[in-house]
Amino acid sequence: MALAQEAARIMSEQGIDDYGLAKRKAAERFGATDIAVLPKNTEIEAALAAHHRLFEAHTHSSTLSALRRTALQAMRLLQRFDPRLVGPVLSGTASAHSEVNLHLFAEGAEPVALHLMEKGIPHRVGERRLRYEPNRLVAYPVVDFVAGDRPIDAVVFPIDGIRQSPASPVDGRPMKRADAAELEAMIEREPTAS
């Protein structure tokens, strides 16, 4: 439990989104060398939510709300690519250091890059490998840009990629995705939205 709490603290305070890296740093801090004692990602996610409630109660909800509003702006900008919000901003475990993670659906990164160029938005195109099954990784283009002061990380899937989500790094199940309407409803339910 202490390792999960320390990994959660590291993720929150240092802006790390990589569960494996957070586990290694926590294990190093506690001098743990046995890999069997490392916490599961789901345990770290639960500890991260608890960390936000305990240590950031006054700021976390406003930070999360701002991140979700930024995500919604980016999704509206990219609406022709059927954007979906994924990751910590959707799950509620994002910190002030988190980027907004989107899934887009297009015939490659070029249409997305052209759209951003037309809007005068600087961006960078790269590649990301995502897991679907334990032994199946698939590479996709990723487009990174900034909306307001927040980094946006948008993985571009083929158009039919909307039917199957890659595995979540937290629990290995298909990643949860939310469209703009679902995100709007989530924002409206937030206590700070009133």
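The sequence shown runs 27 to 220 under this note's numbering. All C-beta atoms, glycine included, are put in the ideal place defined by N, C-alpha and C. Here the structure is a predicted model, which is why all the values come from computation and not from measurement.
First and last residue of the uninterrupted beta strand (DSSP E) at Ile178: 176-183
Neighbourhood of Ile213 by C-beta distance below 8 Å, restricted to the same chain and skipping five residues each side: Ser91, Arg94, Arg95, Leu98, Ala219
Ala157 - DSSP class collapsed to helix/strand/coil: The sequence given here has Arg at residue 157, not Ala. It is a strand residue.
Cα-Cα separation between Glu39 and Thr68, rounded to whole angstroms: 19 Å
Any beta strand (DSSP E) of 3 or more consecutive residues that is wholly inside the segment 36-110: none
Cut-off 8 Å between Cβ atoms - residues of its own chain near Ala139, not counting five sequence neighbours on either side: His149, Val151, Val169
Nonlocal neighbours in the same chain, by C-beta distance under 7 Å from Ala52, ignoring five residues either side: Leu29, Glu32, Ala33, Ile36
DSSP-derived helix/strand/coil call for Asp170: strand
Rounded C-alpha distance that separates Gly187 from Gly174: 28 Å
Proximity winner among Val181, Gly198, Met201, Asp197, relative to Asp108 (alpha-carbon distances): Val181
Backbone secondary structure at Arg215 - three-state DSSP: helix
Reduced DSSP secondary structure (H/G/I, E/B, other) of Arg189: helix
Beta-carbon gap between His129 and Arg157 smaller than 9 Å: no
Opposing strand residues paired with Leu128 [DSSP bridges]: Leu111, Ala180
Run of the alpha helix (DSSP H) containing Val138, from where it starts to where it stops: 136-144
Cut-off 8 Å between Cβ atoms - residues of its own chain near Gly41, not counting five sequence neighbours on either side: Ser121, Ala122, His123, Ser124
Of the listed residues Ala165, Gly146, Asn161, nearest to Glu153 (C-alpha basis): Ala165
9 Å Cβ cutoff met for Ser117 and Glu71: yes
Strand pairing of Leu116, partner residues [DSSP]: Paired residues: none, contrary to the question.
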